[in-house]
Amino acid sequence: MINYIWVFMIVSGIIAAILQGKIDLVTTAALTGAKDAVAVCIGLISILVFWLGMMKIAEDSGLLKKLTKVLRPVAKLLFPSVPENHPAMGYILSNMSANLFGLGNAATPMGIKAMEELQKLNPDPHKATPAMCTLLALNTSGLTLIPATMIGIRMKYDSANPTEIIGPTLLATIVATGGAVLLDRYYRNRHFRGINSYKK
Amino acid sequence: MYEVISAISNYMLPAIIVLIPLYALFRKVPVYESFVEGAKEGFPTAIQIIPHLVGMMFAVAVFRDTGALDFYLQGLVPLANWFHIPPDILPIGILRPISGTGSLAFVESIFHTFGPDSFMGKLASTIQASTDTTLYVITVYFGAVGVKKSLYALKVGLLADLIGFIASLVICTIMFGAL
């Protein structure tokens, strides 16, 4: 699916530029996009270095294991394929709590670390596992209690009541995350059924 | 409610940064060495993401900056009218999963035209804030571990974005009244 979307975006961009007679738009856009992407990654370096250092301390001191134990019931429900007390669980739960409290900077490194731990359980390193997909579903739907960035932007535009959107945003994000979890479950079951019928 | 949660958010970061090393020291962990050892992984991980993100973001930029996106949006206006979706909101819904900064630009233009406290302003805020940039999250997370086949993750992410978009429309209409 990602291959089709990718080619679709590039080809329609080139056609649009040709139709307007401004083919140079493609080159400029491509190079700007590439430059922005590298800038984002460079920005990620300091965040990743810092949080992966912090999380290593949490792991070595056994703090991460404690967190895993407390939240085991939730984790078991969402990630049935991950063994109990596996370090992946600790990172998944840290990632989820960081998202919930709007610590976006911390959430990404913890999520990446969780992916690395899940990758250790993966029989085929080039192919995602269902547990990875569940983690992605939780992260793409962006469950958060306070939309701090949006409130900031509303303040910048002199909103009389910048925090008014907290209620509707929370409701909408709960619906979206709930939907993501259910869809993930549906496709996961279908995926396993596919594997089983293939084996037969 | 907001003050409480926002205070938690503000104090949580400093608290985490203090409590993790403190607890570890109490458990006799060589904290500084642990930190450095974990931090080492940060640089290669960030570098590992570069090719994935460049691949995705250049395609998004070509799609957006050449006017191809606008062309498709024009085509979708009748569909939006059919569902009683305000045409100014449509670009935000379409762009949100693909490019967070791209859709934010449309949110800001709505703030500019209608004001942040208008129905349109509140709806735009809700759509923008209630979900994350699916394409970016998938690229970064899978890119970091080198997974190439993402199974159904993209499908689930995009469908959840659609659910979030519809939920925002319904919830804002109920809470803030129609146009």
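So the protein lines, in turn, are chains A and B.
Quick note: the first sequence, position 148, residue 148 per the UniProt record's numbering, numbers continuous.
Quick note: the second sequence, position 7, residue 7 per the UniProt record's numbering, numbers continuous.
Backbone N, C-alpha and C fix where the C-beta goes; we use that ideal spot for every residue, glycine too.
Exercise for the section: Please report how far the alpha carbon of Asn161/A lies from the alpha carbon of Phe71/B, in whole angstroms. Expected result: 35 Å
Practice task
Would you kindly check if the distance between the Cβ of Ala153/B and the Cβ of Ile49/B is under 8 Å?
Solution key: no
Handout entry: Residues near Ser150/B by beta carbon distance below 8 Å, same chain, minus five either side
Key = Ile138 and Phe142
Practice task
Decide if the region 115-135 of chain B is in contact with the region 27-39 of chain B; the criterion is three or more beta carbon pairs, one per stretch, under 8 Å apart.
Solution key: no
Handout entry: Identity of the residue in Ile166/A, Asn105/A and Glu84/A nearest residue 201/A by Cα
Key = There is no way to answer for residue 201/A, as the model of chain A reaches only from 1 to 200.
Handout entry: 4 or more residues per run - each alpha helix (DSSP H) lying fully within the region 15-71 of chain A
Key = 24-60 and 63-70
Problem - Contact set for Phe192/A: own chain, Cβ-Cβ below 8 Å, skip 5 residues either direction - result: Pro130
Practice task
Output yes if chain C places a C-beta closer than 8 Å to the C-beta of Ser197/A; else output no.
Solution key: Chain labels in this structure do not include chain C; the protein chains are A and B.
Exercise for the section: State the Cα-Cα distance for the pair Leu79/B and Leu69/B, rounded to the nearest angstrom. Expected result: 16 Å
Handout entry: Cβ-Cβ distance between Leu52/A and Gly42/B below 8 Å
Key = yes
Handout entry: Paired residues, beta bridge with Lys127/A - DSSP
Key = Lys149/B
Practice task
Check each candidate in Thr131/B, Phe176/B and Ser118/B and name the one with the smallest Cα separation from Lys158/A.
Solution key: According to the sequence as given, residue 158/A is Asp; it is not Lys. Here the closest residue by C-alpha is Ser118/B.
Exercise for the section: Inspect the beta-carbon positions of Ile17/B and Met54/A and report whether they are closer than 8 Å. Expected result: yes
Handout entry: Separation of Pro116/B from Asn163/A, as counted between CA atoms
Key = It should be pointed out that residue 163/A corresponds to Thr in this sequence rather than to Asn. Taking the straight line joining both Cα atoms gives about 11 Å.
Problem - Classification of Ser46/A by the beta-carbon crowding that lies within 10 angstroms, buried from 16 upward - result: exposed
Problem - Minimum C-alpha distance to Phe62/A - residue among Asp65/B, Tyr23/B and Ala59/B - result: The question names Phe, but residue 62/A is Gly in the sequence shown. That would be Tyr23/B, whose Cα lies nearest to the Cα of Gly62/A.
Problem - Contacts around Ser141/A, its chain only, beta-carbon distance under 6 Å, and the 5 residues preceding and following it disregarded - result: Ala176, Thr177 and Ala180
Exercise for the section: Please go through the same chain and pick out, in chain order, the residues whose beta-carbon is closer than 7 Å to the beta-carbon of Met96/A, but skip the five residues on each side of it. Expected result: Leu138
Problem - CB contact flag (Ala58/A, Ile92/A, <8 Å) - result: no
Exercise for the section: Take Ser94/A and list the residues in its own chain whose beta-carbon comes closer than 6 Å to its own, dropping the five residues that flank it on each side. Expected result: Met110
Exercise for the section: Report all residues from its chain with a CB closer than 8 Å to the CB of Cys172/B; omit the five preceding and five following residues, and keep chain order. Expected result: Phe119, Lys122, Leu123 and Thr126
Problem - Local conformation of Ile89/B per DSSP, three classes - result: coil
Practice task
Let me know if Gln20/A comes out buried or exposed under the rule of 16 or more other beta-carbons within 10 Å of its beta-carbon.
Solution key: exposed
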